[in-house]
Structure formats: structure tokens, C-alpha cells
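S.K.: Chains A and B, in that order, give the protein sequences. Using the working numbering, the first residue of the first sequence is number 133, and each one after it goes up by one. Using the working numbering, the first residue of the second sequence is number 36, and each one after it goes up by one. Would you mind keeping the following structure in view while I ask a few things?
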Amino acid sequence: MLFLTSITDRPVEGQSGERIGELDDVIVRIGDDRYPPISGLVVKDGRRRFFVPGHRLQSLNGVARLASSIVDLQPFTRRSGEVLLRRDVLDHQLIDITGRRIVRVNDVQLTPVDGIYRVIGVDISARALLRRLGPRSLAGRIVGRQIIDWQDVQYLASAAPVQLKVSYDRLADLNPVDLARIVDALSFRESAEIVAALDEETAAETLEEVSDERVADLLEGMDQERAADILEEMTPAAAADALDDLDDDVAEQLLARMEPEEAADVQVHLEYDEDSVGRIMTRDLVRIPDGSTVGDALAILRSLEEVPDPLLAVYVTSLEEPEVLRGLVRLRTLILADPATPVADVMDEDVPHVSPEDRAESAARILAEYNLLAVPVLDESHRLIGIVTVDDALAELLPEIWQRRRNFA
Amino acid sequence: MLRKRFWPYLAALGPGLLAASAGNDAGGIATYASAGASYGYGLLWAMVIVTVCVGVVQEMAARMGAVTGKGFSDLVRESFNLRQTALILLTLLIANTGIIISEFIGVAAAAELFGVSRYIAVPLAAIFVWLLVTRGSYGWVERIFLVLTLAFLAYVGAAFLARPDWPTVLAETVRPRLHFEYGYLNLLIALIGTTISPYMQLYVQSSVVEKGVTPDEYRYTRFDVIVGTVTAGIVACFIIIATAATLHPHGISVKTAADAARALEPVAGKYAEALFALGLLGASLLAAGVLPLATTYMLSEALGFERGVSRSWDEAPIFMGTLTGLIVLGAVIALIPGLPLIQVLVGVYVLNGLLLPVELFAILRLINDRELMGKHVNGPLYNALAWGIAIVVSLLSLALIVMMVVDWFR
Numbered sequence: 133m134l135f136l137t138s139i140t141d142r143p144v145e146g147q148s149g150e151r152i153g154e155l156d157d158v159i160v161r162i163g164d165d166r167y168p169p170i171s172g173l174v175v176k177d178g179r180r181r182f183f184v185p186g187h188r189l190q191s192l193n194g195v196a197r198l199a200s201s202i203v204d205l206q207p208f209t210r211r212s213g214e215v216l217l218r219r220d221v222l223d224h225q226l227i228d229i230t231g232r233r234i235v236r237v238n239d240v241q242l243t244p245v246d247g248i249y250r251v252i253g254v255d256i257s258a259r260a261l262l263r264r265l266g267p268r269s270l271a272g273r274i275v276g277r278q279i280i281d282w283q284d285v286q287y288l289a290s291a292a293p294v295q296l297k298v299s300y301d302r303l304a305d306l307n308p309v310d311l312a313r314i315v316d317a318l319s320f321r322e323s324a325e326i327v328a329a330l331d332e333e334t335a336a337e338t339l340e341e342v343s344d345e346r347v348a349d350l351l352e353g354m355d356q357e358r359a360a361d362i363l364e365e366m367t368p369a370a371a372a373d374a375l376d377d378l379d380d381d382v383a384e385q386l387l388a389r390m391e392p393e394e395a396a397d398v399q400v401h402l403e404y405d406e407d408s409v410g411r412i413m414t415r416d417l418v419r420i421p422d423g424s425t426v427g428d429a430l431a432i433l434r435s436l437e438e439v440p441d442p443l444l445a446v447y448v449t450s451l452e453e454p455e456v457l458r459g460l461v462r463l464r465t466l467i468l469a470d471p472a473t474p475v476a477d478v479m480d481e482d483v484p485h486v487s488p489e490d491r492a493e494s495a496a497r498i499l500a501e502y503n504l505l506a507v508p509v510l511d512e513s514h515r516l517i518g519i520v521t522v523d524d525a526l527a528e529l530l531p532e533i534w535q536r537r538r539n540f541a
Numbered sequence: 036m037l038r039k040r041f042w043p044y045l046a047a048l049g050p051g052l053l054a055a056s057a058g059n060d061a062g063g064i065a066t067y068a069s070a071g072a073s074y075g076y077g078l079l080w081a082m083v084i085v086t087v088c089v090g091v092v093q094e095m096a097a098r099m100g101a102v103t104g105k106g107f108s109d110l111v112r113e114s115f116n117l118r119q120t121a122l123i124l125l126t127l128l129i130a131n132t133g134i135i136i137s138e139f140i141g142v143a144a145a146a147e148l149f150g151v152s153r154y155i156a157v158p159l160a161a162i163f164v165w166l167l168v169t170r171g172s173y174g175w176v177e178r179i180f181l182v183l184t185l186a187f188l189a190y191v192g193a194a195f196l197a198r199p200d201w202p203t204v205l206a207e208t209v210r211p212r213l214h215f216e217y218g219y220l221n222l223l224i225a226l227i228g229t230t231i232s233p234y235m236q237l238y239v240q241s242s243v244v245e246k247g248v249t250p251d252e253y254r255y256t257r258f259d260v261i262v263g264t265v266t267a268g269i270v271a272c273f274i275i276i277a278t279a280a281t282l283h284p285h286g287i288s289v290k291t292a293a294d295a296a297r298a299l300e301p302v303a304g305k306y307a308e309a310l311f312a313l314g315l316l317g318a319s320l321l322a323a324g325v326l327p328l329a330t331t332y333m334l335s336e337a338l339g340f341e342r343g344v345s346r347s348w349d350e351a352p353i354f355m356g357t358l359t360g361l362i363v364l365g366a367v368i369a370l371i372p373g374l375p376l377i378q379v380l381v382g383v384y385v386l387n388g389l390l391l392p393v394e395l396f397a398i399l400r401l402i403n404d405r406e407l408m409g410k411h412v413n414g415p416l417y418n419a420l421a422w423g424i425a426i427v428v429s430l431l432s433l434a435l436i437v438m439m440v441v442d443w444f445r
């Protein structure tokens, strides 16, 4: 097995074994290839560093041997699209897609495929570090590696100081919760790079799970049009939380760029304090007029263009005034009851409710005390304006342990 | 929306201010009080120069964070070779471990001023800190500790009430005098070590990175760094003035926390000890909560271990092990019977000062790397100043080591 750190700083020889210099770095093109091919070498001779094109390379075992001896000593300069393995990959961070985490590259594995040397994996084991720390002669005694296939890692373009076209397809294999964990753990600029590569829907789902401060910074850092599009895709409650952490002017500019309907939804939540019921509630609920039968209710549900998810109950409201709550029918009851039964006969009338100004905790307490999956939110004139589901309350209440304390590190 | 509503400069106040005030922790107070008690106003000039140095070093750290978007240990790992990285990380680890020990000693000293045995207080503090950090509800506790440290502002009042001879104070502030005497040099290095602590640079840089400060917004951060440095410098000067005016004339050197507290008598009377103990407790717990976590993150990020306080022991054994180990180590060493607390505190900062050159030269190389910093490398004059600082600190450290060795063979 051939590893980068076993060939760097070692001699580079011509065809007849004469010394040309020492191997300083290896150039690869990270692009469409599954395994990036070596496109050249950086060879240093004293203080000069020059470029040797990849096709001149004959073998890399132990010493780098070139196929020809005549080397036109072209001084090395960095070019866009080219990544230096030692400078831009070794010791840098990558995303391990299958492991769903950030790893640091302790060595790079190379192998010839059809005559061209390619990067096939990275070693992330601590033993690789030990091998590099000790004298080279002892390196062979330290055994064991932990290699991740290059196909399973995502390279971060910001690691190299040149313009790169990196494909971020592999991120699609991660679910938004894992993506959020990675976005939180990376530095701001790297996390911005990741979010920029996601489609709006995935970006929205990811940002819903990312810590509030980081979301605010990310939204502020990106193009406003895109920020507004992402906010539209987020749940109104999450979007309101994100906007709340932004500068007032920026928040207003973003709201103005959003679709009026979505912006209005978000604004409703913004009217309430952080940690209040009004902020975490869901306004998406199904209203059934009080004269209906169970069959009517099911028909209404089926005719909906967008059905709330999770769907826990339907809310029976007055026919004349759809804001007045009469009672609720749990989904379970709705499915089991005879379709001809009037909903009024199967609904729970004596339902506890909360006010949008109440603290989120009190909604959680009521959910727990009454064994409910959702509790209706009534405003001061007793109109039904939303519900708080167990999901909403849980997300609010789970200790901040979940928000990584990276402030200091 | 509070976060950015204010005038951007005002809003940027924070990390720099906090980091610089964190310099006035248990070890800082011990060092400043010792300096004032033993040498009167004789080290005031040094405090002024050291404050300028802190400003320069903190500024470079913040600029690195803003331009590269990366923390210090990240940059070290990515820009230095592995052996150099190991050396730099090792010195940072030793320096930080020393400070963690000093914070638990601070807890011990504060507890004993209240008449509580350190064998009860320190283990309790260690468990408390560990739970806070791993349960992740540190935020509001941090604020309480921060408020407690305001007790040290009493030194400003104490300095005025002690009626020092102000013309002498001023003259000593602007007149540098260097004695090549072991004790003096020792305190000078400690003064440098406690004021330019590596962990403060780590903190400033990482918070700049965390906030996503861009090079364009960097001027606000620089303002924060300057304000923080100057504020902390002024408080430190007043601690020296207060102890110089009250303790020095009576030939009292600071051997225990109670000695340092006596300088507060002009302002707090019989409550001097209690006031001092509160401040010390707050400062010590504040840093004891932050440092083990910061050190663990520094190592884990550079070495690529799975990390995060939300991870379990199974998921992140090295992270949790290091974090716990640092806290336990700090607490255990602080409990060694018969440990001369104040001397150990000063000793820790001498060690910090001795290790400082490694970090300073690392910063200098990174900040002047054009591939990394682009046009934001140091300007020629500023660079000369920064190099000057690094060289002078190294020479002083070297002088101290030579004197130590000479001392051994005598």
C-alpha cells in the first residue's frame, strides 16, 4: 500500500536513477473522477520548486521515478482547479459521509489504476499520526490503519487557496439532522460552503436543526434572495426564530423578499416572545364545521391539498364562526367511528387549552398532564389560532445539551 | 434581536473584553498583588508595556480568525508540519493544564478565606464544573461568575483610598527599570505569562471564527480587542497600586490569599477577605469551567477525534476522557497537602511565560503567511513591533532559565 507521507521529502529520480530533487508535493485534480488522478508532482531542488507533469511519472514506490531524464525545469506556480495533496488535503478536515462526521486526514492512500496513480482513500487513524511523528525507520513497526474510501468523503473546497469546482453530490446521502450536526461543528466559512451546496428544501430542513446563532450568521452571509427562499421552506416557527436572531433591518429586508403569504405566517409567530406558546405553535390544523358527520370529516381531510403532518386530531368549529372551537376529534376516533355519526357525538368537548402568551413550558406541562398529543391555542377572545403538538413542545424543552457548546473551542 | 441592534462597535464588544478580563483570574490577582507587595510601584512600567503587548498579540489572533475563518489549532495543524504541530499543541496543553490547576487553587484559597476546608471545596467544585460542562447549561452560571469577579474592581477604590503618592506612581509608570535579580525577573515573566496567556488568544480567535466575522467587519472586532485590553490593563495596574500602597510599606509580601485581601481593607474594612474571596471564587470557577473544555476542543480538533459535550463516552471516549482528566488532574494537584498556594499560582504563570515564545513565533509565522492571510499580513512597522515582542519575551524567558540553572548550582 502506498501512502503520501512515505514518499514526500524522498528522492525523485530520472530514468537512469540520477537524482533530480526531492518530492515536495503531489498535484491532483478533484473533479468528476471518482478517484482523483495525479496530474503532476512538485519537486524541490534546494530552494527551487518545479513542476513535473503526471505523464512523466513512471512509478512512485519508495522513490518517485520519472519515465524520462530530460526535465524542462518549469517553476511551480499554483493554478486553479489543482489541489496539492500535502498542502490542501493532508492534515485538513473532510466530511466522512458514511460515518456522518468530520474527520482529519492523517495520511492519503494512492494506488495505480490503469497506469495512472490515483487517490483512493484517506487514513484517519491515530496510528498514522504516530508513524509520522516518530523517525521514519520506526514507522514500519506501527501497524494498523483506518482507511475511508475517497468515494465516501466530501472534500471542502475552502481547504485549498485556489478556485475549485467541487461536486457536493455526496452530501445528498446525509439526512438533515446529520448535516446540521456537521454544520454546527465546522467553522463558519466551511459551514457556509456546505449550506450553499444544498438545495433550498434540504437547506431549510438542515437549518431548522442548526443552533440559532449559526443560522443567523449563515442567513446574513448568503445572498438575500436565497436566504428568503430558504426561509419560505422552513416551518414558520423555525423561520421566526431565525429572523429573531438577525439584525432588525436585515430581518425586515428578508421578510419583504419572501412570498407575502409565507411572510405573513412568519410574522404571526414573530408577534410573540421567544419561548412563548405563540412562537412554537403550529397554525396548520384541520377545521371541521360542527354540523358534519364523521364521513364528512374524512372527506374534507381527503380533499385537502396539504395535510398537516403530524395529523393528530381534527378541530370542530362553529359553522358560522370557524374561529370558535367546539371540540376536537382524535384521528383514532375518526377512523373507528361509523361514518354516519355526527362529529358532535364523538368529539371531546372539555379540552384544555393554552393562550399564545403562555410560556412554552406550560403547554408542555398540559400535554403531559392530560396525556395529549396536541393542545389547542386560543387567543384572548377565545378564537382558535393554532395548536402545540408534542413535537413542538419537545423541541423547545429538550435541554440545551443538544446545542453544542462550541463557543469557546 | 438585541444582538446587533446597537452601534456595531458597541455590539462587537464581547470576546475581546471577556478574554482580557479573564486574564485577571486567580493567578493574575496573585501575580499583580505579589508584584505590588514585593516591589512597590517598581513593576508598573512593565504592566503598561505588557498591556501593549497583549493588545498586539490579541489583535493578531483576532485578525487570523477573521481572515481565515479558522481557529488557532486548525491553522497550526494545517500550516505546520506534524512535529511542529505536536510541539505547539504540547506547550499549549502544558500551559493550559497549569492554569486549570491554578484555578482550582484559587477555589481552595477562596474557600479557606470563608473557613471551608479545601478538601471539601475543591472536590465539590470539580464535580460542579464537570456537571455544568457536560450537561451544557453553563450559560447563566457563567454570568453569575462574571458578576462575582466585579469584586476585584474594589481594588480601584482601594488604590485611591490608600492615598498613594500619585507623582511617584506616574513616574514609575513611565520609567522602565530592569533589575537582573532572580525574584524580580521571575515576577516580570509571571506578569507577562498571566497577561498574555495563550488561552486568551485561543478564545478570541475562536469566538471571532464562531461569529463569522469577515475581514470587512474586522475593525469592530479590533475595537473590542483594544477596549478589552486597556480595561484589563487598568484594573491590573490598580491592583499593583493598591498592594504597593498598603502592603509594600509594611514589608508584607503576598504569601497567602489573606495577604492579598488585606490590600482591600481601606475600601471594605473587615469585609475585605469576604469580598476578595467572592471575586476569587467567581474568577476561578469561570475559568475552571471554560479552560478544560477549550483545551479538549483544541486537541480534538487538531487531532480529529470525535468531539462535542453532547456525545456519550462510547461515541467520543478520547474527548470525554481528556475533559474529565483535566478537571480531575487540576483538582487533585490543588489538594496536595502543604502546597504553598500563592507561590504555585505565580509559578504556573512563570511556566506560561516560558512557554509563550513558542506560541508567539507560531502566530508570527501564520499571520505573515500570504497564502493564508492575503493582503491582511502584518504591515512592516507592526511586524517589527510584533517580532520585537516575541524576541524580548524569549530573551527574558532565557534569562530566567539561565538564572534558575545558576541558582541550582550555587
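Backbone N, C-alpha and C define an ideal beta-carbon position, used for all residues, glycine too.
#1: Tyr447/A and Leu457/A: beta carbons closer than 8 Å?
#2: Can you pull out the residues from the region 400-413 of chain B whose beta carbon lies closer than 8 Å to at least one beta carbon of chain A?
#3: Taking only beta carbons into account, state which residues of the region 148-166 of chain A come closer than 7 Å to chain B, listed in chain order.
#4: What in chain B is Cβ-close to Pro293/A, meaning under 7 Å?
#5: Output the distance between the C-alpha atoms of Glu528/A and Gly314/B, rounded to the nearest integer angstrom.
#6: Between Ala360/A, Pro508/A and Asp310/A, which lies nearest to Val418/A when the distance is taken from Cα to Cα?
#7: At least one CB of chain A closer than 8 Å to the CB of Ala121/B: is that the case?
#8: Are the region 414-428 of chain A and the region 454-468 of chain A touching by the rule of at least three beta carbon pairs closer than 8 Å?
#9: With Leu242/A as the anchor, note down where its beta strand (DSSP E) starts and where it stops.
#10: How close, in whole Å, do the beta carbons of Gln286/A and Ile227/A come, if the pair is a contact with beta carbons under 8 Å?
#11: Measuring straight from C-alpha to C-alpha, what distance separates Glu337/A and Ile256/A?
#12: Taking C-beta pairs closer than 9 Å, name the residues in chain B that Phe320/A reaches, listed in chain order.
#13: Note down, in chain order, every chain B residue with its Cβ under 8 Å from the Cβ of Leu265/A.
#14: When the Cβ atoms of the region 178-191 of chain B are set against those of the region 307-322 of chain B, are three or more pairs found closer than 8 Å?
#15: Ordered along the chain, which non-local residues of its own chain (more than five positions away) have a Cβ less than 6 Å from that of Ile517/A?
#16: With Leu173/A and Ala199/A assumed to form a contact (beta carbons below 8 Å), what rounded beta-carbon distance in angstroms separates them?
#17: Ends of the beta strand (DSSP E) at Gln225/A?
#18: By the criterion of Cβ-Cβ separation under 7 Å, what are the contact partners of Glu138/B in chain A?
#19: Taking all protein chains shown into account, decide if Arg40/B is buried (16 or more other Cβ within 10 angstroms of its Cβ) or exposed.
#20: Name the chain B residues whose beta carbon is nearer than 7 Å to that of His224/A?
#21: Indicate whether the contact test is met: 3 or more Cβ pairs, each with one atom in the region 346-364 of chain A and one in the region 376-386 of chain A, closer than 8 Å.
#22: Mind checking which residues open and close the beta strand (DSSP E) that includes Ser429/B?
#23: Is Arg236/A close to chain B, meaning its C-beta is less than 8 Å from at least one C-beta of that chain?
#24: When the distance is taken between beta carbons, is Pro202/B closer than 8 Å to Ile276/B?
#25: Return the first residue and the last residue of the alpha helix (DSSP H) that Pro352/B is part of.
#26: How would you call Asp141/A, buried or exposed, if buried means at least 16 neighbouring beta carbons within 10 angstroms?
#27: Give a yes or no on whether the minimum CB-CB distance between Gly317/B and chain A is below 8 Å.
#28: Just verifying my parser: in three-state terms, what is the DSSP assignment at Tyr404/A?
#29: Tell me whether Thr103/B sits in a helix, a strand or coil according to DSSP, three-state version.
#30: For Asp239/A, return the contacting residues in chain B, with the cut-off set at a CB-CB distance below 7 Å.
#31: By how many angstroms is the C-alpha of Asp331/A removed from the C-alpha of Val520/A?
#32: Between the region 341-355 of chain A and chain B, which residues of the former have a C-beta closer than 7 Å to a C-beta of the latter?
#33: Compute the distance between the beta-carbons of Leu391/B and Ser137/B, then report whether it is under 8 Å.
#34: If we count Cβ pairs, one from each stretch, closer than 8 Å, do we get three or more for the region 138-157 of chain A versus the region 214-234 of chain A?
#35: Fully enclosed by the region 370-400 of chain A, which alpha helix (DSSP H) runs are 4 residues long or longer?
#36: From the beta carbon of Gly339/B, is the nearest beta carbon of chain A less than 8 Å away?
M.R.: Taking the definition as stated:
#1: As a first step, residue 447/A must be located in the first sequence, where it is residue number 315. As a first step, residue 457/A must be located in the first sequence, where it is residue number 325. In this structure, Tyr447/A sits near Leu457/A, with a CB-CB distance shorter than 8 Å.
#2: Answer set for the region 400-413 of chain B: Glu406 and Leu407.
#3: Hits within the stretch: zero.
#4: Looking up residue 293/A in the first sequence gives position 161. What Pro293/A touches in chain B: Glu406.
#5: Sequence index remark: in the first sequence, residue 528/A carries index 396 (1-based). Sequence index remark: in the second sequence, residue 314/B carries index 279 (1-based). Distance between the alpha carbons of Glu528/A and Gly314/B is about 35 Å.
#6: The residue labelled residue 418/A in the question sits at position 286 within the first sequence. Checked all of Ala360/A, Pro508/A and Asp310/A; the closest Cα to Val418/A is Pro508/A.
#7: Here residue 121/B refers to the residue found at position 86 when the second sequence is read from its first residue. Yes - at least one Cβ of chain A is within 8 Å of the one on Ala121/B.
#8: By the criterion of at least three beta-carbon pairs nearer than 8 Å, the region 414-428 of chain A is in contact with the region 454-468 of chain A.
#9: Looking up residue 242/A in the first sequence gives position 110. Segment Asp239 to Val245, the beta strand (DSSP E) holding Leu242/A.
#10: Looking up residue 286/A in the first sequence gives position 154. Looking up residue 227/A in the first sequence gives position 95. Rounded, the Cβ-Cβ distance is 4 Å, consistent with contact.
#11: What you label residue 337/A is simply residue 205 of the first sequence in a count that begins at 1. What you label residue 256/A is simply residue 124 of the first sequence in a count that begins at 1. Answer to the nearest angstrom: the Cα atoms are 30 Å apart.
#12: The residue you call residue 320/A lines up with position 188 of the first sequence. Simply Gly104, Val244, Glu245, Lys246, Gly247 and Val248.
#13: For this step, residue 265/A is matched to residue 133 along the first sequence. Residues of chain B whose Cβ lies closer than 8 Å to the Cβ of Leu265/A are, in chain order, Leu117, Arg118 and Ala121.
#14: Contact annotation: the region 178-191 of chain B touches the region 307-322 of chain B, with at least three C-beta pairs closer than 8 Å.
#15: Walking along the first sequence from the start, residue 517/A turns up at place 385. Within the same chain, and ignoring the five residues on either side of Ile517/A in sequence, the residues whose Cβ sits closer than 6 Å to its Cβ are Val509 and Asp511.
#16: Counting from one through the first sequence, the residue named residue 173/A turns up at place 41. Counting from one through the first sequence, the residue named residue 199/A turns up at place 67. Not a contact, Cβ separation roughly 12 Å.
#17: For the purposes of this step, residue 225/A is taken as residue 93 along the first sequence, with counting starting at 1. Unbroken beta strand (DSSP E) run through Gln225/A: Gln225 to Asp228.
#18: As a first step, residue 138/B is located in the second sequence; it is residue number 103 there, counting from the start. Ordered by position in chain A, no residue passes the 7 Å Cβ test against Glu138/B, which lies about 14 Å from the chain.
#19: Here residue 40/B corresponds to residue number 5 of the second sequence, with the count starting at 1. Legend: pLDDT at Arg40/B = 44, less than 50; position of this residue unreliable, value from coordinates given subsequently. Its Cβ having fewer than 16 others within 10 Å, Arg40/B is exposed.
#20: Position 92 of the first sequence, counting from 1, holds the residue named residue 224/A. Residues of chain B with a Cβ closer than 7 Å to the Cβ of His224/A are, in chain order, Glu113.
#21: These segments touch.
#22: Within the second sequence, numbered from 1, the residue matching residue 429/B stands at position 394. That residue, Ser429/B, is in no beta strand (DSSP E); its alpha helix (DSSP H) goes Pro415 to Phe444.
#23: The residue labelled residue 236/A in the question sits at position 104 within the first sequence. Chain B contact via Cβ: present.
#24: Taking the second sequence and counting its residues from 1, one reaches residue 276/B at position 241. Taking the second sequence and counting its residues from 1, one reaches residue 202/B at position 167. For Ile276/B and Pro202/B, no; Cβs fall outside 8 Å.
#25: Numbered from 1 along the second sequence, position 317 holds the residue referred to as residue 352/B. Note, Pro352/B: alpha helix (DSSP H), Pro352 to Ala369.
#26: Taking the first sequence and counting its residues from 1, the one referred to as residue 141/A is at position 9. Exposure of Asp141/A is indicated by the presence of fewer than 16 other C-beta atoms within 10 angstroms of its C-beta.
#27: Taking the first residue of the second sequence as position 1, residue 317/B is located at position 282. No, Gly317/B does not count as interfacial toward chain A.
#28: Along the first sequence, read from residue 1 onward, the residue named residue 404/A stands at position 272. Collapsing the DSSP output to three states places Tyr404/A in coil.
#29: Along the second sequence, read from residue 1 onward, the residue named residue 103/B stands at position 68. Assigned with DSSP and collapsed to three states, Thr103/B falls in helix.
#30: By 1-based counting over the first sequence, the position of residue 239/A is 107. Going along chain B, no residue has its Cβ under 7 Å from Asp239/A, so there is no contact; the nearest lies around 10 Å.
#31: Reading the first sequence from its first residue, position 388 is the one you call residue 520/A. Reading the first sequence from its first residue, position 199 is the one you call residue 331/A. Rounded to the nearest whole angstrom, the CA to CA distance from Val520/A to Asp331/A is 29 Å.
#32: Of all residues in the region 341-355 of chain A, Asp349 and Gly353 have a Cβ within less than 7 Å of some Cβ in chain B.
#33: Walking along the second sequence from the start, residue 391/B turns up at place 356. Walking along the second sequence from the start, residue 137/B turns up at place 102. Result no, Cβ atoms of Leu391/B and Ser137/B do not sit closer than 8 Å.
#34: Contact between the region 138-157 of chain A and the region 214-234 of chain A is present, because at least three Cβ pairs lie under 8 Å.
#35: Complete alpha helix (DSSP H) runs here, min 4: 380-389.
#36: In the second sequence, counting from the first residue as 1, residue 339/B sits at position 304. Yes, Gly339/B lies at the interface with chain A (some Cβ there is under 8 Å from its Cβ).
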